[in-house]
Ligand code: IMP
Ligand code: MG
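Numbering (my numbering), first residue to last: 5 to 472.
Following this line, the structure appears as structure tokens:
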């Protein structure tokens, strides 16, 4: 309500042209003249996107990049709140493929402001390289990018520590981008931040102490020590390139909301990679769930209007850890189609059937209002399609995933079978144009996940999307 009464809506109120939505769309009040009961859903979409958190409901790679890109059309600002360049968001735009790692995908659209929030861990050298790569593809990066001065830095010793830990027992299957060690330093209160990088003398002093400390650890692990001088030089140079973009993004976001701007919070990774709610220890080191959007940006919970969950029509996972519905045949079929290779590391993703136990739990944790289903076309030639509706653990039925990684690995999925559609659905642009079996399948899995279906993606391009 507070959000709504500001900006555009406040103007409408002042001229007396408003009408409250009798259905209270998604639990909020939308007061545009078009917002009558019969048409409110469309009006809400078209005129008032509201602050939206977008999260992955599975193990990451749900196709969020594509859905974010579609939703960005209605947002003014796109914000990243967690993770780092471990993320890989693929967006196909005008036949070109863009893979974004740290920069929000709003960068591909005109007049959108992109913010890298305080909760993100930034490798400045990788960020500069990403900016250069996008500029080489004629993407404008100028006053449309803001970087939080409170975001923590990923340093070369984080990457090497990550690599070293991955060589040992108990590996996680990380992206080796130094994400875990960087968040480790943040939690230990020994991290370096963007604000340090903006003060070269302070930065060099802190960096030197960190490199002395980390070189001892690296030597103990049998890895080569790193040179302070090289890192200092490269990072300060990258810092100078980033300086024009660095600011207090909390103040910027609050000012923008006061002016009635709509924010899209672009989640990275997925619910089951969340450090608290995921399949620990096989997780990433940030809060990938909806709450992370608040802590990672400084936008408080009461300013959030809706949460959109993205889920694939089946399950995938890269890295180690349980994937209860994993199926080698399904994986082979998808890989043969050239699908399901990691956007950041190129690794083959593990694949399995849709897991309703996991996604229902994700709905609970994130407070999902609406669901977007992606990659439905990946199942075009699969018949029958299996859906996991429960787990069996030592003869007992479970309706939520167990906390313990070993127990989860021992869970046996309970499947229901659904008929496939055995035809290409790429050309469908309306729900009614989908084959009946495909409609039945998406209805079935969104009901199991427990939220309203609002989008179905039938191909990688922006247009290959069905809005409900
Ligand atoms: P890290 O984030 O590199 O530490 O990796 C921890 C786990 O999260 C590993 O299983 C990775 O494969 C996984 N992971 C990290 N980022 C992504 C992503 O963007 N998509 C999918 N999986 C990811
Ligand atoms: Mg990805």
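We put the beta carbon where it would ideally sit given N, CA and C, even for glycine. Please read all numbers here as calculations on a predicted model, not as lab measurements.
Extent of the continuous alpha helix (DSSP H) to which residue i belongs
i	result
residue 221	204-224
residue 411	409-414
residue 184	183-192
residue 270	No alpha helix (DSSP H) holds residue 270; the beta strand (DSSP E) holding it covers 267-270.
residue 129	128-140
residue 74	68-76
residue 81	Element bounds for residue 81: not the alpha helix (DSSP H) but the beta strand (DSSP E), 81-84.
residue 169	160-170
residue 333	332-340
residue 244	232-246
residue 297	295-299
residue 380	Run containing residue 380: none; DSSP gives neither H nor E here.
Cβ pair residue i, residue j closer than 8 Å
i	j	result
residue 310	residue 374	yes
residue 137	residue 85	no
residue 445	residue 418	no
residue 4	residue 185	No statement about residue 4 is possible, as the shown extent of the chain runs from 5 to 472 and does not include it.
residue 249	residue 117	no
residue 179	residue 349	yes
residue 57	residue 459	no
residue 407	residue 360	no
residue 157	residue 106	no
residue 230	residue 215	yes
residue 233	residue 132	no
residue 376	residue 422	no
residue 108	residue 270	yes
residue 478	residue 163	Because residue 478 is not part of the residues shown, which for the chain are 5 to 472, the question remains open.
residue 316	residue 251	no
residue 153	residue 198	yes
residue 93	residue 69	yes
residue 381	residue 356	no
residue 405	residue 453	no
residue 532	residue 288	Because the chain here runs from 5 to 472, residue 532 falls outside it and cannot be looked at.
residue 240	residue 207	yes
residue 286	residue 432	no
residue 354	residue 346	no
The beta strand (DSSP E) enclosing residue i, as first and last residue numbers
i	result
residue 59	56-60
residue 150	149-152
residue 354	354-356
residue 104	100-104
residue 176	From DSSP, residue 176 is part of no beta strand (DSSP E); its letter is neither H nor E.
residue 120	117-120
DSSP bridge partner residues for residue i (one or two, in chain order)
i	result
residue 313	59, 375
residue 457	375
residue 400	397
residue 471	459
residue 359	392
residue 369	In the DSSP output, where bridge partners are listed per residue, residue 369 has none listed.
residue 319	356
residue 251	152
residue 95	102
residue 420	391
residue 157	126
residue 465	96
residue 197	156
residue 435	The partner list for residue 435 (beta bridge, DSSP) is empty, contrary to what the question assumes.
residue 87	124
Among the options, nearest to residue i - alpha-carbon criterion
i	options	result
residue 300	257, 366, 263	257
residue 290	412, 140, 188	188
residue 319	383, 370, 195	383
residue 145	129, 111, 105	111
residue 388	304, 294, 424	424
residue 255	236, 210, 304, 219	304
residue 472	129, 434, 206, 454	434
residue 204	247, 340, 343, 173	247
residue 293	272, 71, 128	272
residue 337	296, 386, 380	386
residue 450	314, 436, 398, 130	314
residue 125	397, 155, 390, 220	155
residue 80	261, 398, 297, 402	261
residue 210	236, 121, 343, 135	236
residue 128	298, 88, 147	88
residue 470	455, 430, 134	430
residue 427	441, 295, 436	441
residue 420	448, 139, 148, 72	448
Residue i at chain D interface by Cβ criterion, 8 Å
i	result
residue 375	Protein chains in the displayed structure number just one, and chain D is not present.
Original post:
Are there three or more Cβ pairs, one per stretch, closer than 8 Å when the stretch 56-70 is compared with the stretch 364-371?
Top reply: Yes: the two stretches touch, three or more of their Cβ pairs being nearer than 8 Å.
Subject >> Cβ contact (3+ pairs, closer than 8 Å) linking the stretch 274-292 and the stretch 249-266 >> reply: In short, these stretches do not touch, since the Cβ pair count stays below three.
**OP:** Pair every Cβ in the stretch 406-417 with every Cβ in the stretch 319-331, then say whether three or more of these pairs are closer than 8 Å.
**Re:** Segments in contact, yes.
Subject >> Cβ contact check for the stretch 96-104 and the stretch 447-467: 3 or more pairs under 8 Å >> reply: Yes, the stretch 96-104 is in contact with the stretch 447-467.
Original post:
Which residues count as close to ligand 4 when the rule is a CB under 5 Å from any of its heavy atoms, in chain order?
Top reply: Among the ligands in the structure shown, ligand 4 does not appear; only ligand 1 and ligand 2 can be found there.
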